[in-house]
Structures are given as structure tokens and as C-alpha cells.
Amino acid sequence: MIRLTNLKLALDHNEDALKNIIMSTLKIRGEQLLDFSVFRRGIDARKKSNILLLYTIDVKTTDEEALLSKFSDNQSIRLTPDMAYKFVSKAPQELASRPVVIGFGPCGLFVGLVLAQMGFKPIILDRGKEVRERTKDTFSFWRKRTLNTESNVQFGEGGAGTFSDGKLYSQVKDKKHYGRKVLDEFVKAGAPEEILYVSKPHIGTFKLVTMVEKMRAMIIELGGEIRFSARVDDLDIVDGKIKGLTLSNGDKIISDHIALAIGQDRASTIINR
Ligand SMILES: Cc1cc2nc3c(=O)[nH]c(=O)nc-3n(C[C@H](O)[C@H](O)[C@H](O)COP(=O)(O)OP(=O)(O)OC[C@H]3O[C@@H](n4cnc5c(N)ncnc54)[C@H](O)[C@@H]3O)c2cc1C
Numbered sequence: 096m097i098r099l100t101n102l103k104l105a106l107d108h109n110e111d112a113l114k115n116i117i118m119s120t121l122k123i124r125g126e127q128l129l130d131f132s133v134f135r136r137g138i139d140a141r142k143k144s145n146i147l148l149l150y151t152i153d154v155k156t157t158d159e160e161a162l163l164s165k166f167s168d169n170q171s172i173r174l175t176p177d178m179a180y181k182f183v184s185k186a187p188q189e190l191a192s193r194p195v196v197i198g199f200g201p202c203g204l205f206v207g208l209v210l211a212q213m214g215f216k217p218i219i220l221d222r223g224k225e226v227r228e229r230t231k232d233t234f235s236f237w238r239k240r241t242l243n244t245e246s247n248v249q250f251g252e253g254g255a256g257t258f259s260d261g262k263l264y265s266q267v268k269d270k271k272h273y274g275r276k277v278l279d280e281f282v283k284a285g286a287p288e289e290i291l292y293v294s295k296p297h298i299g300t301f302k303l304v305t306m307v308e309k310m311r312a313m314i315i316e317l318g319g320e321i322r323f324s325a326r327v328d329d330l331d332i333v334d335g336k337i338k339g340l341t342l343s344n345g346d347k348i349i350s351d352h353i354a355l356a357i358g359q360d361r362a363s364t365i366i367n368r
């Protein structure tokens with residue numbers, strides 16, 4: 096695919112305008128243009144009297160190599176980078192022990208999902224409840240001021256921010272396209288497709304609840320397991336390595352691979368308990 100950057104169009108452009116600007120930029124005819132998709136759409140508002148949409152487009156043509164060579168001096172016409180997510184490993188047929196993820200907020204959710212996709216059948220623990228139950232508890236606090244210390248706006252399936260409008264932009268440079276994997280998974284779970292290309296994507300108020308449920312279902316389908324109301328109170332650390340954990344009900348889980356995804360600066364809430 097060929098990536099075209101800095102394509103400018105009027106705010107109210109019609110459907111054909113994109114196709115036309117691609118053909119004129121690459122100097123190709125309609126039959127040479129096989130397909131295209133919007134990679135990013137931003138706004139150029141530097142001139143208040145002439146605000147424009149700024150597109151980055153990935154184009155499939157019949158003559159990719161020839162065109163790339165013809166426009167080799169043009170920085171706005173380049174080969175589309177490979178953005179596919181590369182799994183770092185694949186689980187062996189026989190799993191010696193299952194990895195454990197503590198916390199089922201955004202971090203734990205993606206750790207769990209990627210481990211499940213690699214075949215590792217993770218066990219995921221969260222101190223809070225599943226998201227529908229958690230929603231009831233959170234609304235009960237907002238309306239009646241009854242606080243459930245384990246199930247609230249901070250704790251439970253989906254983590255902090257589950258009851259927000261899900262703004263997805265950050266200042267992080269994403270040279271390895273990890274963010275793309277996150278956005279792709281969100282779209283699979285029901286987020287609007289435009290999050291893939293608008294410059295300041297957001298999912299929309301309360302959509303996260305259904306999406307989190309779908310992602311949980313994907314993890315379970317791949318052999319993962321999510322245990323709610325499972326607060327980790329202690330970690331067994333041997334020679335500087337975490338070897339196991341103890342839950343608030345006294346149950347112990349032993350694993351060589353335990354990931355802490357309990358939110359920023361919260362590790363001490365387990366270790367120093
Ligand atoms: C109201 C609100 C709105 C927000 N809106 C946005 C937004 O629009 N866009 C954005 O990018 N960010 C937003 N954020 C910030 C965002 O939610 C956080 O950056 C993000 O949730 C951090 O993810 P995390 O998985 O690291 O931690 P968390 O989301 O905090 O998840 C940690 C999970 O670990 C569990 N846990 C904690 N301790 C234990 C334990 N001992 N045992 C077992 N489980 C445990 C918790 O129950 C929780 O589910 C918002 C935050 C809030 C509070």
C-alpha cells in the first residue's frame with residue numbers, strides 16, 4: 096500500500112473528492128485505483144477563513160512499485176508501514192503454569208487479552224465486581240452516597256475511567272504502532288470505527304461498559320478466566336521474584352508469571368498491607 100499524507104480537502108467535501116485527490120496526487124486513472132482507506136483525519140485550522148480537513152490515506156493501486164519509484168523525492172508519498180501487531184511469543188501445547196494478571200482495568204484487560212491471544216490462558220483477578228454490578232454500586236454511591244469499598248468508580252471490571260466518555264488520545268509517540276492494536280481491539284469490541292482515524296478519538300459515554308463485557312468474553316473464549324471479588328492482599332516474593340499471591344479470603348495462587356496491573360502507584364497497597 097502507498098501512504099499519502101497532507102491531502103487537504105474542504106470541510107464539506109463530497110464522497111468523490113477523496114478519490115479524485117488520490118488520483119490527481121498519484122497521477123493515476125480510476126481503473127488503477129483498487130482501494131483506499133483513511134488512516135488519519137485531522138483539521139488544519141491555521142487559516143480561520145479557510146479551515147480544511149487534512150487526510151492521511153492508504154492506497155492500493157495496480158502499480159505500487161512504479162509509483163513509489165516515480166515519487167521517491169516526495170515525502171508525502173511513501174510505502175505504508177507495517178502496522179500489524181506482532182505477538183512476542185506463542186504458548187506451548189502443554190502449559191506448565193498459567194500466568195496471573197492482577198487487576199482488570201485497561202492495563203490488565205490488554206495484558207489478559209494479548210496473553211489469551213498467544214494461548215497462555217491467563218487467570219485474571221480483580222478486587223471489584225463485573226461491570227454491570229459495578230455500575231449499580233457506582234450509581235448507588237453517586238445517588239445515595241452508599242460506598243462499596245470494593246466496587247466503585249475506581250475498583251472493578253474496566254478499571255478507573257469506565258464511566259467516562261473514553262478519550263483515547265495521548266502525547267505518547269507510537270513508533271511501533273502499539274496504539275493501533277488497542278484501537279483495533281476496541282473496534283472489534285464495538286467502538287465506532289472512526290476512532291481508527293480521527294485525530295482526537297473518543298469512544299462515547301457509557302459505551303465502554305458493553306465493550307469491556309465483549310473483551311471479557313473474548314478472553315474467556317480463548318481459555319482465559321476472570322475472577323471477580325478477588326482482592327490480592329499479599330505477594331510471595333522469593334529472591335526478588337514474585338512466586339505467588341494470597342487473596343483476601345486466604346486462598347493462595349502459585350505462578351512464576353504474575354503481572355501487576357492494579358493502577359498507578361498502588362503496588363504498595365499490596366506489598367505493605
Ligand atoms: C472518572 C475518570 C475518567 C477518566 N477518563 C479518561 C479518559 O477519558 N481517557 C483516558 O485515557 N483516561 C481516563 N481516565 C484515566 C484512566 O482511567 C486510567 O489512566 C486507567 O484506568 C489506568 O488503567 P490501569 O489498568 O493502569 O489501572 P486502573 O484502571 O486503576 O485498574 C486497576 C484495576 O485493578 C484492580 N485492583 C486494584 N487493587 C487490586 C488488588 N489488590 N487486587 C485485585 N485487584 C485490584 C481495581 O479494581 C481496578 O479494576 C479517567 C479516570 C477517571 C477516574
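The numbers in the numbering used here rise by one with no breaks, and the one at position 72 of the sequence shown is 167.
Even for Gly, the Cβ is constructed at its ideal location relative to N, Cα and C.
- Taking the C-beta atoms as reference points, D153 is found no nearer than 8 Å to T120.
- Listed in chain order, the beta strand (DSSP E) elements of length 3 or more contained wholly in the region 141-192 are 147-156, 172-174.
- Residue environment: G251 is assigned as buried (16 or more neighbouring CB atoms within 10 Å of its CB, all protein chains considered).
- In this structure, G203 keeps its C-beta atom at 8 Å or more from the C-beta atom of V209.
- L162 has its alpha-carbon roughly 11 Å from the corresponding atom of K155.
- For A105, the uninterrupted beta strand (DSSP E) run begins and ends at 97-105, by DSSP.
- Here the distance from the Cβ of D260 to the nearest heavy atom of ligand 1 is below 7 Å.
- Within 7 Å of the C-beta of V248 there is at least one heavy atom belonging to ligand 1.
- Here F199 is buried: its Cβ has 16 or more other Cβ atoms, across all protein chains shown, within 10 Å.
- Boundaries for I357: no alpha helix (DSSP H) harbours it, and the DSSP string shows neither H nor E there.
- Secondary structure note for G274: it is in no beta strand (DSSP E), and the uninterrupted alpha helix (DSSP H) holding it is 273-283.
- Judged by DSSP secondary structure, I197 falls within the beta strand (DSSP E) whose first and last residues are 195-197.
- Boundaries of the alpha helix (DSSP H) harbouring E308: 302-316, taken from the DSSP string.
- Ligand 1 approaches R326 closely enough that one of its heavy atoms is under 7 Å from the residue's Cβ.
- Put simply, the backbone Cα of L148 is about 41 Å away from that of I315.
- At least one heavy atom of ligand 1 falls within 7 Å of the beta-carbon of R222.
- When distances are taken from the beta-carbon of F323 to the heavy atoms of ligand 1, even the shortest one reaches 7 Å or more.
- Inter-residue distance for K103 and Y150 is about 6 Å (C-alpha atoms, whole angstroms).
- Going by DSSP, S132 is part of the beta strand (DSSP E) stretching over 128-139.
- Per DSSP, I321 is one residue of the beta strand (DSSP E) stretching across 320-322.
- Assignment of beta-bridge partners to I117 by DSSP yields no partner.
- Here the distance from the Cβ of P296 to the nearest heavy atom of ligand 1 is not below 7 Å.
- Comparing C-alpha distances from E320 to each of A112, A179, I219 shows the shortest one belongs to I219.
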